[in-house]
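When we follow full-length UniProt numbering, the leftmost residue of the sequence shown carries the number 1, and every step to the right adds one. Data first, discussion second: the structure below is written as C-alpha cells.
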Amino acid sequence: MNSSSCFYGRPCLLFPHANQCKLTHLCPAAAFLNSKTARPLISTGKSRLTRRNSFRIRALDSSDVLQTTSESPQRYSVRIPVGDRHILVETGHMGRQASAAVTVTDGETIVYTTVCMADVPSEPSDFFPLSVHYQERFSAAGKTSGGFFKREGRAKDHEVLICRLIDRPLRPTMLKGFYHETQILSWVFSYDGLHSPDSLAVTAAGIAVALSELPSSDVVAGVRIGLIGDKFIVNPTTKEMEHSQLDLLLAGTDSAILMIEGYCSFLPEEKLLEAVEVGQEAVRAICNEVKALVKKCGKPKMLDAIKLPPFELYQFVEEIAGDELVKALQIKKKMPRRKALSSLEDNVLTILTEEGYVKKDETIVVPEPVPGVFEDEDEDEEVVVDGEVDEGDVHIKPASRRPAPLLFSEVDVKLVFKEVTSKYLRKRIVEGGKRSDGRTPDEIRLINSQCGLLPRAHGSALFTRGETQALAVVTLGDKQMAQRIDNLVDLDDVKRFYLQYCFPPSCVGEAGRMGAPSRREVGHGMLAERALEPILPSEDSFPYTVRVESTITESNGSSSMASVCGGCLALQDAGVPVKGSIAGIAMGMVLDTKEFGGDGTPLILSDITGSEDASGDMDFKVAGNEHGVTAFQMDIKVGGITLPIMKQALLQAKDGRKKILAEMSKCSPPPSKKLSEYAPLIHVMKVKAAKVNLIIGSGGKKVKSIIEETGVETIDTQDNGIVKITARDQASLEKAITIISSLTMVPAVGEIYRNCEIKSIAPYGAFVEIAPGREGLCHISELSSDWLAKAEDAFKVGDYIDVKLIEVNEKGQLRLSRKALLPDPDPEKSDKHSTSSSNKDGSMSPITPDKVKLKKASSTGSLADAKTEHPKEKGAYSSALSKDRPLTKKGKIEDSDSGAKVVVDHLILHDEMGQERHSNSTRFLSNQHISIKDDKIKIKIDTYFSC
Numbered sequence: 001m002n003s004s005s006c007f008y009g010r011p012c013l014l015f016p017h018a019n020q021c022k023l024t025h026l027c028p029a030a031a032f033l034n035s036k037t038a039r040p041l042i043s044t045g046k047s048r049l050t051r052r053n054s055f056r057i058r059a060l061d062s063s064d065v066l067q068t069t070s071e072s073p074q075r076y077s078v079r080i081p082v083g084d085r086h087i088l089v090e091t092g093h094m095g096r097q098a099s100a101a102v103t104v105t106d107g108e109t110i111v112y113t114t115v116c117m118a119d120v121p122s123e124p125s126d127f128f129p130l131s132v133h134y135q136e137r138f139s140a141a142g143k144t145s146g147g148f149f150k151r152e153g154r155a156k157d158h159e160v161l162i163c164r165l166i167d168r169p170l171r172p173t174m175l176k177g178f179y180h181e182t183q184i185l186s187w188v189f190s191y192d193g194l195h196s197p198d199s200l201a202v203t204a205a206g207i208a209v210a211l212s213e214l215p216s217s218d219v220v221a222g223v224r225i226g227l228i229g230d231k232f233i234v235n236p237t238t239k240e241m242e243h244s245q246l247d248l249l250l251a252g253t254d255s256a257i258l259m260i261e262g263y264c265s266f267l268p269e270e271k272l273l274e275a276v277e278v279g280q281e282a283v284r285a286i287c288n289e290v291k292a293l294v295k296k297c298g299k300p301k302m303l304d305a306i307k308l309p310p311f312e313l314y315q316f317v318e319e320i321a322g323d324e325l326v327k328a329l330q331i332k333k334k335m336p337r338r339k340a341l342s343s344l345e346d347n348v349l350t351i352l353t354e355e356g357y358v359k360k361d362e363t364i365v366v367p368e369p370v371p372g373v374f375e376d377e378d379e380d381e382e383v384v385v386d387g388e389v390d391e392g393d394v395h396i397k398p399a400s401r402r403p404a405p406l407l408f409s410e411v412d413v414k415l416v417f418k419e420v421t422s423k424y425l426r427k428r429i430v431e432g433g434k435r436s437d438g439r440t441p442d443e444i445r446l447i448n449s450q451c452g453l454l455p456r457a458h459g460s461a462l463f464t465r466g467e468t469q470a471l472a473v474v475t476l477g478d479k480q481m482a483q484r485i486d487n488l489v490d491l492d493d494v495k496r497f498y499l500q501y502c503f504p505p506s507c508v509g510e511a512g513r514m515g516a517p518s519r520r521e522v523g524h525g526m527l528a529e530r531a532l533e534p535i536l537p538s539e540d541s542f543p544y545t546v547r548v549e550s551t552i553t554e555s556n557g558s559s560s561m562a563s564v565c566g567g568c569l570a571l572q573d574a575g576v577p578v579k580g581s582i583a584g585i586a587m588g589m590v591l592d593t594k595e596f597g598g599d600g601t602p603l604i605l606s607d608i609t610g611s612e613d614a615s616g617d618m619d620f621k622v623a624g625n626e627h628g629v630t631a632f633q634m635d636i637k638v639g640g641i642t643l644p645i646m647k648q649a650l651l652q653a654k655d656g657r658k659k660i661l662a663e664m665s666k667c668s669p670p671p672s673k674k675l676s677e678y679a680p681l682i683h684v685m686k687v688k689a690a691k692v693n694l695i696i697g698s699g700g701k702k703v704k705s706i707i708e709e710t711g712v713e714t715i716d717t718q719d720n721g722i723v724k725i726t727a728r729d730q731a732s733l734e735k736a737i738t739i740i741s742s743l744t745m746v747p748a749v750g751e752i753y754r755n756c757e758i759k760s761i762a763p764y765g766a767f768v769e770i771a772p773g774r775e776g777l778c779h780i781s782e783l784s785s786d787w788l789a790k791a792e793d794a795f796k797v798g799d800y801i802d803v804k805l806i807e808v809n810e811k812g813q814l815r816l817s818r819k820a821l822l823p824d825p826d827p828e829k830s831d832k833h834s835t836s837s838s839n840k841d842g843s844m845s846p847i848t849p850d851k852v853k854l855k856k857a858s859s860t861g862s863l864a865d866a867k868t869e870h871p872k873e874k875g876a877y878s879s880a881l882s883k884d885r886p887l888t889k890k891g892k893i894e895d896s897d898s899g900a901k902v903v904v905d906h907l908i909l910h911d912e913m914g915q916e917r918h919s920n921s922t923r924f925l926s927n928q929h930i931s932i933k934d935d936k937i938k939i940k941i942d943t944y945f946s947c
C-alpha cells in the first residue's frame, strides 16, 4: 500500500509497537481513532458514527490509544575540527517536529537551524520554492532591542545578507522537479562576541538539509577565511579579523565550490586562489564528518515527490520551435529578442493545444482517496473521536479534488521551452563562437560614461555598458548622516560610507510593485559598497560621511558591477580624494562544452548579459583595478567548479577590468574632482580635552547658542578634543571657528590684544573681551598711568582699548593691563611717586634718591647679584623699609633689619602680583621680586623699569 502524497516519507512516531501499525508511513492522526472503522475527519463536536462500506480502517482499543512511551529523545552529536578548534553539531534534542533541526556551537556562539516542507506541492516553476530566514536574537548577547516594542522585527540588512549566504550555496544542490515549499529558519541563540555566527549559519543549514527529507545532491558546509601576514586562518575570531587583509566566506561540497564572497584591499589573484584552496580543504573535512552523521540519524529523501516534464515534450518543442529559436537568438537587442521569444513560446503552446497535447480548460476533476489506512472487510463502522486537536498536530485533510491527468500541462510546456532556449543559446556560443549580441567570449560591451549631469547633487555619474546603465549620485554630510548599525556583531556602530542600490521594474521594461528594498537589492548594494571602500580616504583626511545611491535605469546583466564603475566616477566628481579608480566585471561560464561539440574545456564568458546569466552555469563578479581585487562574489548553478576553472575566470576578469578602466578614463565630461558649491563645509579643529566642556556648556546650552548665533549646521565634539564644525557657507564657518577658538584658547602671559571691547565696569576695574566669549579683568590701577578714583571717569562700556595679558591665575581668570602698553611716564615724577617710606601714622613717606639708587642689572633672564653698600647710619632704612614693603610702583623688596643701599639703574620685574599703598590708593603690581639676603640683592630679570 502506498503512502499518502501529503506525507512523503514521514515515519509514524505515535505507534510505539509494531503490532499497532503495519505501515511505515501511516498518518499520525490515525492514533486518535477509537473505533473499528472511522472516517478521516477532524471533529470538535461529539462523536459521530457513520457507516461506509468502501472506506474502512482498523480501529484501536481504547487501552492502546492511552498507552504512551516514556522514552527520551535520542540525541546525536559530533565534534568537527575546523581550523585550530572544534565545532559541536547536535540534533535530536530540539525541534523534533521539524523535518530536521540542528544546533551548531563554536565557543559560546550557538546557532539553531530548522528545515520544514509543505505537505502539498505547489505549482511547478523554474525556480525552487525555497525561503531562508535568519535572525540574531538580541538576548543572545544579553541585550534588548532598542525599539518601542522591545522585540525583534523586520530583518536588518546584515541579517538579509546572511540569508543570501545560506540560500546561494544550497539552491544548486536541490533536485529539479521538487515543488514542495521549503523553509529554512536560523536563529542565533547565544553570541560570545568572539566567534561570528554567519559561517556557522551556513554550515548549520547545510547539515539540516542533509538530515531532512528534502532531496538534495550533496552535503554543503561553509567557512570564513582570513589572512594575517602570510598565514591563512579558518574561521578567524572577530579580534583576528580586525587585523586580517581578507574577508572570504566560502561554501561548497566535499568535491566542488558552490559560493564564494570576499572583500580585500587589492590582493592579487594568486593570493585569492590560495585562500579558496584552504577554504575548500576545511569544507571537505566538515562534509565528510556530516555524511557519517547522516548515516546514523538522517531521514529518507522524498525522491518520489520529484515530478519532471515528460521527455517527449522536449522533442515536440524542438521540432516546432528549433529553427525559429536559432533566428530569435541572433537578435542583438534585448527587448526585440525577448518579444520574439515570448511570441515563439505562445506559438508552441498554441500548436500543442490544437494537436491535443495540451488542454487549457482543465475542468475534469476526480476524487483522490487518501491512502495509507487500514481496511477490514469485517468492520463497517467508522468513528471519529471528539476533542481538541493541538495546533502542532498533523490534520487529516479531506480528499482533494485535482484535475484529471493530461498528457502535457501548460506549465510543463513553458518550463521545457525555457530549457530548450537555454540549450540553443549555449550551443550557439560553443559552436559558433558568437554570443547573442555578436561578441566573442572575452569581448567587452561598448562603454560610455559622463559626470556632473545633476547640477545640485554633490557628485553624479551616468555609466553605460551595452544595455546596462547605472546612475550614481554622491551625497556628502557630517556624522549625523552616518548609517547606524544595530546588530550582534557591531554593537552600536556607525558607517561613514554606504552604497544603496535600487533596481526599479522600469529598468527591464516591466511594471511592478515598488516598496522596501528587496534582498537582491541589499546584496548587490553591499557588494558594490565593499568594492569601493578600499579607495576611500581616511576620516582624518576627509571628515565627511559619504552616501552613494545607484539607480539602475537599464539592465541587461551585471548591474551591480555597473554600480561599482558609476559609483567610482561619482565619488571623483564629488571631490572625494579617492586613492584610485575601481572597475567591476561579471563573468559567466558554459561548463559542459562536449554536449555542443566542444572539447570539454569550460568556456569562460566576459561581461555577461542577462540571458547568459540565466542560461549559464556561473555568475562570477570581480571588482578591483589592474593591481588587485577589492571584492568578488561567485554563484554556481551546477554541481560546482574546481580551482583551475576559477583561476582561468580570475585572470580573464583581470584583463576585462583593465579594458573597462581605460574606457572610464575617457569619461566626458570628466569628474570635477573638487567639492561642489552645494556640499557642506566641514572644519576639524583640535582643542585640549579639558576645554571640550566649555564648548558644550551646561546642558548643551553653549553649543546650541553658538549654532544659533553663527548659523552653522552642527558642532560635533569628541572626548579626545576633536571638534567638527559643519556649515553651508564660509562666513558662518569662520565665525564659529573664531568663537570656539576663543573659548578654548590657552592665553600666554605677555600677549597683546588690540581693539578689545569693554563689556562691563566695576568699582575695582573694567572687564574687557579679548576674544568672543572670553573676558579678563583690567584693574583700575592698570587702566591708566595716572591715578584714577573711578574707572568710569576715563572709560565707559562699549569703548575699545588695547590690553596686555599680565597674569592667568589658578582658576584660569585673566589679569589685563592697559597701562603696560602706554609710554613710560616722566622719570622724575615716577621717582617722586615711587620712592616712599612709612610714617608713624601709617602713610607712605618719600624715599629720596640718595638713599636708594638702581643700577642696571644683567639681562640674562636668571637671578643676578647686585653690589650693596651699608648706610652711614646703622638701621636708617629699617624704619623706611619693612619686610615685603613695595619699593617702587612695580616690584617689592625684602630687606634685613640693618637696611641696605641698592646701587642699580634698572629693576627687572617678575610675573607675580605685588601690592603697594601709595598716595592713599591701592595698586596691583606685577610682582617682580627683589630680595636681600647675605648682603646681596636677588633680582629676577624679566622686564625693565626706570626709577
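The beta-carbon is built from N, C-alpha and C at its ideal position, and this holds for glycine as well.
For residue i, collect the residues of the same chain with a Cβ closer than 6 Å to its Cβ; drop the 5 residues on either side in sequence, then sort them by chain order.
i: T68; result: With a pLDDT of 42 at T68, under the threshold of 50, the predicted position of this residue should be treated as unreliable, and no value is reported.
i: K874; result: Because K874 sits at a pLDDT of 35, beneath the cut-off of 50, its placement in the model cannot be relied upon, and the point is left open.
i: T363; result: Summary for T363: the model assigns pLDDT 42, below 50, so the residue's position carries little reliability; its value from the coordinates is reported in the next sentence. Taken in chain order, the list of residues that qualify is empty.
i: R774; result: S742
i: G177; result: I306, K307, L308
Just to confirm before moving on: does the CB-CB distance between residue i and residue j stay below 8 Å?
i: V692; j: D719; result: yes
i: V638; j: P543; result: no
i: G252; j: Q280; result: yes
i: S422; j: G575; result: no
i: S436; j: R337; result: yes
i: G222; j: V202; result: yes
i: G459; j: S676; result: yes
i: V768; j: L805; result: no
i: A140; j: I166; result: no
i: E289; j: V78; result: yes
i: L194; j: A100; result: no
Who are the Cβ neighbours of residue i in its own chain at under 8 Å, not counting the five residues just before and after it?
i: S518; result: F503
i: D412; result: P124, P309, P310, L313
i: S199; result: G222, V223, R224, N235, L249
What did DSSP end up calling residue i once you bin it into helix, strand or coil?
i: Y800; result: strand
i: R75; result: coil
i: T475; result: strand
i: N448; result: strand
i: C667; result: coil
i: N288; result: helix
i: T593; result: coil
i: V903; result: With a pLDDT of 39 at V903, under the threshold of 50, the modelled position of that residue is not reliable, and the figure given next carries that caveat. Looking at V903 - three-state DSSP - the assignment turns out to be strand.
i: R530; result: helix
Please work out which residues of its chain come closer than 7 Å, Cβ to Cβ, to residue i, disregarding the five sequence neighbours upstream and downstream, and give them in chain order.
i: K418; result: D126
i: I246; result: Per the sequence shown, residue 246 should be read as Leu rather than Ile. Excluding residues within five positions, the ones whose Cβ falls inside 7 Å are I225, G226, L227, G262, C264, L267, A275.
i: D613; result: G557, G588, D619
i: L733; result: L681, H683, V712, I725, A727
i: G356; result: none
Please look up how many angstroms separate the CB atoms of residue i and residue j, rounded, as I've assumed it's under 8 Å.
i: D617; j: L591; result: 4 Å
i: G477; j: P680; result: 6 Å
i: K659; j: I485; result: That belief does not hold up - the Cβ atoms of K659 and I485 are roughly 36 Å apart, past 8 Å.
i: V111; j: S186; result: 6 Å
I'd like to confirm something about residue i: is its beta-carbon nearer than 7 Å to some heavy atom of the ligand COA, or not?
i: S145; result: Inclusion of the ligand COA in the displayed structure is not the case, the ligand content being empty and no account of it being possible.
Which ranges does the alpha helix (DSSP H) cover as unbroken runs of at least 4 residues, wholly within the segment 220-284, from first to last along the chain?
-> For the segment 220-284, whole alpha helix (DSSP H) runs of length 4 or above, ordered along the chain, are 238-241.
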